[in-house]
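Residue numbers (my numbering): 1 to 311.
From the three backbone atoms N, C-alpha and C, an ideal C-beta is built for every residue, glycine too.
Below is one structure, written out as structure tokens; comments come after it.
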């Protein structure tokens, strides 16, 4: 698919959002490898590009998955800057800060004195209300799903049901008025008890393509998987491929270099289910799925249209 073909294919993104509530977007947006497709303006330097390219991104895509809010609590100033660069109908899908979803802090140096310690704020609704929500207020109607990403949990944390019990209590104490979604990375948790917890609180399951998770299409086969009135998906990594391997293979993310047709098919199927159920869908694609997220979205939309679903 040439750059011109990608640009042409992406012209379907905004009409789908306005007419069908299908919000395609990418996971993060500051990638120089997208110049010539998503980004065509002249920026004086990389700092200016990072600061202002969201405005140009929002001319192509109706939504974006925000990753940096996973690593630190959002500030009202940063959210206001983002909102000011986008039209009112644009939607931000935010990853909730890991301080709420990490059971035990990794031993990575960036965690400082917390490395390897249990997280006292794990699934603490007060931390969410007091430290996360105030920062996102400037987004207003631009706020899309709030996604709680749980990394791969040790067997001892989830096997006895304790995790689902704590998740149940946590979700039950969250304030109404927001679209919540949960992403898990333990395939053994996928099942009726987990989906029942989500359904009880009208929370979505995040269909996630990830190293040790079954493909999105397999996740979608469970009859209990649609637990509320929105669909959320994050196409991150091909099963079996690590993040480090994907970075090594795909940087600088200028084109698809390892096609993954099954992923596109799975996303098309989710689109169809969302439209049939009159549900909004937030479908986020990462560069590390095939090598270039905009091209993956364009190929997915071409498949959608080729089958007549867009007519």
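- A direct Cα-Cα distance of roughly 24 angstroms separates residue 299 from residue 144.
- With a 10 Å radius around the Cβ and a threshold of 16 neighbouring Cβ atoms, residue 91 comes out buried.
- Here residue 79 carries a helix assignment [DSSP, helix/strand/coil].
- Residue 137 and residue 98 have their alpha carbons spaced roughly 19 angstroms apart.
- Under DSSP, residue 208 forms a beta bridge with 234.
- Here the alpha carbons of residue 21 and residue 55 stand approximately 21 angstroms from one another.
- Note: residue 93 is bridge-paired with 65 in the DSSP secondary-structure output.
- In this structure, the straight-line span from the alpha carbon of residue 290 to that of residue 219 is close to 20 angstroms.
- Non-local C-beta neighbours of residue 164 in its own chain, meaning closer than 8 angstroms and more than five positions away in sequence, comprise 158, 189, 193, 194 and 197, ordered along the chain.
- Closest in C-alpha terms to residue 304, from the list 117, 231, 184 and 273, comes 273.
- The alpha helix (DSSP H) runs of length 4 or more contained entirely in the region 133-192 are, from start to end of the chain, 133-136, 155-158 and 162-172.
- Using a Cβ distance threshold of 8 angstroms, residue 170 and residue 132 do not count as a contacting pair.
- Residue 226 carries a coil assignment under DSSP once its states are collapsed to helix, strand and coil.
- If you check the CB distance, residue 9 and residue 301 come in under 8 angstroms.
- Where residue 303 is concerned, the enclosing alpha helix (DSSP H) starts and stops at 293-306.
- Secondary structure note for residue 25: its beta strand (DSSP E) is the uninterrupted segment 22-27.
- For residue 284, the pairing in a beta bridge is given by DSSP as 25 and 234.
- Here residue 239 has 209, 210, 211, 212, 213, 214 and 215 as same chain residues with Cβ atoms under 8 angstroms from its own Cβ, once five neighbours each way along the sequence are excluded.
- The C-beta distance from residue 141 to residue 59 rounds to 19 angstroms, too long to fall under 8 angstroms, and the pair is not in contact.
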